[in-house]
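Numbering (my numbering), first residue to last: 46 to 344. Okay, structure first, notes after.
Shown next as structure tokens:
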């Protein structure tokens, strides 16, 4: 078992307890395609089908029922272990951070500099840093599994405060080998774009499709690195943050399409629970991240 397996089991347990995909979506704050992907991934890892889903609704298989029972016992054992160890050891300050993937090349966001600066005043604190989609990060904050996160949160939860810090430029790209790679920008027509296979980012739901007005999606990803792989294959077009695509553009392996018409800026936020407005470590880290982003924006 690793952290991914445990997270998938917790999502599965939430689905079982919610009794339907619709209720679980609302509780987890994730889309149905994302929830289905997580469930399929868990089934692949366990090697058996957990539930039947379709027009007749959601129903556990016998294997799914056994998995749910075993998962609940596992969660109880983990909680008991943490409680026992917590009583035996000295308390340690912790800060649990979350970010979306693909931001390591974003110099303007300044997260690496923030991680460098924070220990100067909080050297004794233990930091955990986790990757996730915006929906996963927001759900983790709401459930008190995470203290602070940075990402493009399009859906807002009432109990979370969001501070805007950075506008991230995105553009539509194709890879070398794609039919559009050698076509001059002013010769790229609506018909050409519509005929291209389009890879969408699942955590943005259908925004990528709507932004281009493309008739359909041919692939879906949940991480920036996966989107890069799809587009670099030469078979798909899709959106990427410009800072993530730039090294590949310089190597002539990616190319932006209709930069002015199909580029856009995505707003990044610092997010934390409203009840932690006065939490010293959370506020200090939020202030450092915001300061680094502002410093980068001002050159």
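For glycine and all other residues, C-beta sits at the position ideal for the given N, C-alpha and C. A quick note: this is a predicted structure, and the numbers were derived from the prediction, not measured.
Secondary structure of residue i, DSSP reduced to three states
i, result
"residue 146", "coil"
"residue 260", "coil"
"residue 307", "helix"
"residue 54", "helix"
"residue 125", "helix"
"residue 97", "strand"
"residue 232", "helix"
"residue 104", "strand"
"residue 167", "coil"
"residue 63", "helix"
"residue 138", "coil"
Contact test: residue i Cβ vs the ligand MG heavy atom, cutoff 6 Å
i, result
"residue 79", "With respect to the ligand MG, the structure shown offers nothing to examine, as it has no ligands at all."
Straight-line Cα distance separating residue j from residue i
i, j, result
"residue 70", "residue 229", "43 Å"
"residue 58", "residue 77", "16 Å"
"residue 339", "residue 210", "7 Å"
"residue 167", "residue 330", "10 Å"
"residue 277", "residue 290", "10 Å"
"residue 275", "residue 125", "43 Å"
"residue 91", "residue 54", "10 Å"
"residue 226", "residue 220", "6 Å"
"residue 84", "residue 317", "27 Å"
For residue i, the nearest candidate out of the options (CA to CA)
i, options, result
"residue 253", "211, 270, 311", "311"
"residue 262", "270, 269, 284", "284"
"residue 197", "299, 190, 174, 148", "148"
"residue 179", "214, 142, 243, 334", "142"
"residue 185", "171, 145, 152", "145"
"residue 322", "337, 309, 271, 207", "207"
"residue 288", "259, 298, 214, 333", "214"
"residue 286", "306, 117, 212", "212"
"residue 239", "233, 260, 65", "260"
Buried/exposed call for residue i, threshold 16 Cβ in 10 Å
i, result
"residue 255", "exposed"
"residue 315", "buried"
"residue 89", "exposed"
"residue 157", "exposed"
"residue 309", "exposed"
"residue 130", "exposed"
"residue 192", "buried"
"residue 297", "exposed"
"residue 67", "exposed"
"residue 216", "buried"
The alpha helix (DSSP H) enclosing residue i, as first and last residue numbers
i, result
"residue 66", "66-73"
"residue 297", "Element bounds for residue 297: n/a, residue is neither H nor E."
"residue 172", "Segment 171-176 is the beta strand (DSSP E) holding residue 172; no alpha helix (DSSP H) there."
"residue 81", "77-91"
"residue 271", "269-277"
"residue 160", "156-162"
Span of the beta strand (DSSP E) around residue i
i, result
"residue 217", "205-220"
"residue 246", "244-246"
"residue 286", "282-286"
Neighbour flag for residue i against chain B, beta carbons, 7 Å
i, result
"residue 192", "No chain B is present in this structure, which holds just one protein chain."
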